[in-house]
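Chains as they are written, first to last, in this note's numbering: chain A, 1 to 341; chain B, 342 to 682. In this text, a Cβ means the ideal position worked out from N, Cα and C, and glycines have one as well. The structure presented is a predicted model; accordingly, all values stated were derived computationally and were not measured.
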DNA sequence: AATTAGCACTCAGGTTCGGTGAGTGCTACC
DNA sequence: GGTAGCACTCACCGAACCTGAGTGCTAATT
């Protein structure tokens, strides 16, 4: 019946909320007392039996209360929770804290700390990705007799450099012209258009010089498309040490997973592709062995409309989802705003 | 008597070595059996009483074995241990692993992981410091109507950038000339000489332009002297989760301390000043509340003779000092070699 | 004088063992 | 369908107990 179905979901919600708060398996009695469900504990027991049948909750052992399963949390997140709203005071605090940053590094670090603080969990901030950001400026610098330094400055303020070994000493005026034309060709373009524009530019050069131009073009596209350069910053790792995680078993694998930046990056980008808004992976959904008992909440941020990178919060599956989602969303929003200016 | 003094130190050494290996308080009996001291347990008991009197060892509780104190470890490190030598195979492995790095970031990361792996502890690598490195190249880039980007490239391959707001659109040819002269003035110079050279250069300009030149000079010296930009990379944090540290009490403060990069940096630079070679701080000697139960072993590394930065390993006070010292020294040596090329 | 053997003593850690109570599932009833 | 009542289960707790590693001291030995 629809009515009792509804109540069962209410019970599930109550279980999740209670368990998140107390960190103890929750029984039918406290459930009936503390949460205003308006039915007796016996009824709740029946509902719990059904919920357990469906895999939303489980018993750690007979004669203990129930604990939500990954599936239970998933249901809670998808259908049962309402996102907390931040007060304007909090919003202001976030904004001014982020606005105090002096450069990109600082912005990213501050965002991480802030998020870690707000959630009491581990925050992870991906640096604005090169691939999805545009080129603001390109510079060629003669380093020595036969070395050329290519410096790339992106939309988001990142600076990347690469050196090229040359066959012969470069001609200064030639380089000045080349730089101007490269900049004209590249200005503001995203990776895909950039590549064709650069190839076209190389074609206009005499075969003698074309080789060099092509090598520079290669360096540019390669650098911009290189995912491995993407960096991640963690904050609040210390929060793991309390959080009530089961220690030897749970903590070490998590720390290991966090240190594997490549794997983390994959997870983040994968999640970014799932949907545009806030994404939640619960327990085993992360597909990472080390994170089976943790959940991760992410969302994109970026200087303009579409996201250039991802920010997120990692904590035990038993975490405050509404609060975490709200915090991640809020920090991402102000982060985008700061980067946009 | 001298002979029994010697034996007492032998006993202390044996206690440290045994305790490091077994992680359990060591008693007089096993000591007499396992280590070739050639005396009975009763004698050792007497010696231990003296050692305890002098503060080198302590009992966790009555009827338990003895455990070295910070003072005991200090004695061990200073006078009782001989540094392990690496086999040439190991040396080669270290060198090739580091040589495989593609850029500075990669070198630093690899060095950290390597050291963490070798010691089974947390490795900390300070980025080559700006202050102590020279300027390889300087570049001026016009960003927009009124913005100038100053890019600095250091000896060690680091790139730093700063933007300047201008009163009026810059003159391109003026900048080209300025860039050439700045580079000439700055090339290869360390911070101190650089400052005077730049002031001298500014004086040669017409008052109209002098302001801009001075601002650029300020940016350069400021950036190069700015310690806060110094970064630290950690590796092997996961090793903390085993290591047999007492959890809630010991782990969290350590993680917190490790996240406070500024404090860590201070400790590293402080230690670098202590002496030129390998430095060891044991337990409370670190002066950091979070690290009272950990020791840190550091040494400098750098592209040329004198050190430009520090690398180190952090672990429980009860760690394998000879092994750790050897590892830190070896990695620092090859790190210097790589950076020197 | 230094070393050793012997011995009484201490005490942390493990084990056993009821007791307790939270929590459950089931059945009979409303 | 919801509720009350009840018998049953079992993790957790504390007490009592045992064990054995380790000690300090004293007296004998070299």
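Answer yes if the segment 310-318 of chain A comes into contact with the segment 116-123 of chain A, meaning at least three C-beta pairs across the two stretches below 8 angstroms, and no otherwise.
yes
Continuous alpha helix (DSSP H) stretch holding residue 548 of chain B: start and end
Looking at the DSSP string, the run of the alpha helix (DSSP H) that includes residue 548 of chain B is 548-566.
Hey, residue 495 of chain B and residue 481 of chain B: beta-carbon distance below 8 angstroms or not?
no
Using a Cβ-Cβ cut-off of 8 angstroms, state whether residue 126 of chain A counts as contacting chain B.
no
Is the separation between the beta-carbon of residue 683 of chain B and that of residue 638 of chain B shorter than 8 angstroms?
Outside the modelled stretch of chain B, which goes from 342 to 682, sits residue 683 of chain B, for which no answer is possible.
Taking residue 318 of chain A as the reference, which of A:200, A:23 and A:220 has the closest Cα?
A:23
Between the CA atoms of residue 439 of chain B and residue 457 of chain B - distance to the nearest angstrom:
14 angstroms
Taking C-beta to C-beta, are residue 321 of chain A and residue 94 of chain A nearer than 8 angstroms?
no
By the three-class DSSP mapping on this structure, what secondary structure does residue 297 of chain A have?
strand
Consult DSSP for residue 95 of chain A and reduce its assignment to one of helix, strand or coil.
helix
Give the residues of chain A in contact with residue 579 of chain B, contact being defined as C-beta atoms less than 7 angstroms apart.
Using a Cβ-Cβ cut-off of 7 angstroms, residue 579 of chain B is close to 252, 255, 256 and 259 of chain A, given in chain order.
Determine, using beta carbons only, whether residue 322 of chain B and residue 667 of chain B come nearer to each other than 8 angstroms.
This structure does not reach residue 322 of chain B, given that chain B is present from 342 up to 682, and the question cannot be answered.
Per DSSP, residue 13 of chain A is paired with what?
Residue 13 of chain A pairs with nothing; no bridge assigned.
What three-state label does DSSP hand residue 149 of chain A in the structure shown?
Shown here, residue 149 of chain A sits in a strand according to DSSP, grouped into three states.
Closest Cβ-Cβ distance between residue 33 of chain A and chain B: below 8 angstroms?
no
Pull up the distance between the alpha-carbon of residue 376 of chain B and that of residue 424 of chain B, whole angstroms please.
19 angstroms
Report back the beta-carbon spacing between residue 164 of chain A and residue 215 of chain A to the nearest angstrom; my notes put them in contact at under 8 angstroms.
6 angstroms
Work out the CA separation of residue 515 of chain B and residue 508 of chain B for me, nearest whole Å.
15 angstroms
Tell me whether the beta-carbon of residue 536 of chain B lies closer than 8 angstroms to the beta-carbon of residue 578 of chain B.
no
Tell me the DSSP secondary structure of residue 574 of chain B in three-state form.
strand
Just grab the DSSP bridge partners of residue 162 of chain A for me.
Its beta-bridge partners are A:150.
Inspect the beta-carbon positions of residue 230 of chain A and residue 127 of chain A and report whether they are closer than 8 angstroms.
yes
Given a cut-off of 8 angstroms on the beta-carbon distance, is the pair residue 146 of chain A and residue 169 of chain A in contact?
yes
How is residue 195 of chain A classed by DSSP in three states: helix, strand or coil?
helix
Outcome for residue 582 of chain B when other beta-carbon atoms lying within 10 angstroms are tallied against a minimum of 16
It is buried - the Cβ of residue 582 of chain B has at least 16 other Cβ atoms within 10 Å.
In three-state terms, what does DSSP make of residue 378 of chain B?
coil
To the nearest angstrom, report how far apart residue 11 of chain A and residue 65 of chain A are at their CA atoms.
13 angstroms
Just the C-alpha distance for residue 159 of chain A and residue 433 of chain B, rounded to the nearest angstrom, thanks.
34 angstroms
Rounded straight-line distance, which links the Cα of residue 619 of chain B to that of residue 607 of chain B:
Near 17 angstroms, if we compare the C-alpha coordinates of residue 619 of chain B and residue 607 of chain B.
For residue 616 of chain B and residue 624 of chain B, believed in contact at Cβ under 8 angstroms, the rounded distance:
In fact, because the Cβ distance is near 19 angstroms, the residues do not count as touching under 8 angstroms.
Residues of the segment 474-494 of chain B with a CB closer than 8 angstroms to any CB of chain A: list them in chain order, please.
Under the 8 angstroms Cβ criterion, the segment 474-494 of chain B contributes 477, 478, 480, 482, 484, 490, 492 and 494.
Check the C-beta distance from residue 479 of chain B over to residue 527 of chain B and give it rounded, since I have them as a contact under 8 angstroms.
6 angstroms
Within 10 Å of its beta-carbon, does residue 448 of chain B have 16 or more other beta-carbons around it, so buried, or fewer, so exposed?
Flag for residue 448 of chain B reads buried.
In whole angstroms, what is the alpha-carbon distance linking residue 413 of chain B and residue 400 of chain B?
13 angstroms
Is there a Cβ from chain B that is less than 8 angstroms from the Cβ of residue 161 of chain A?
yes
Alpha-carbon to alpha-carbon, residue 408 of chain B and residue 402 of chain B:
10 angstroms
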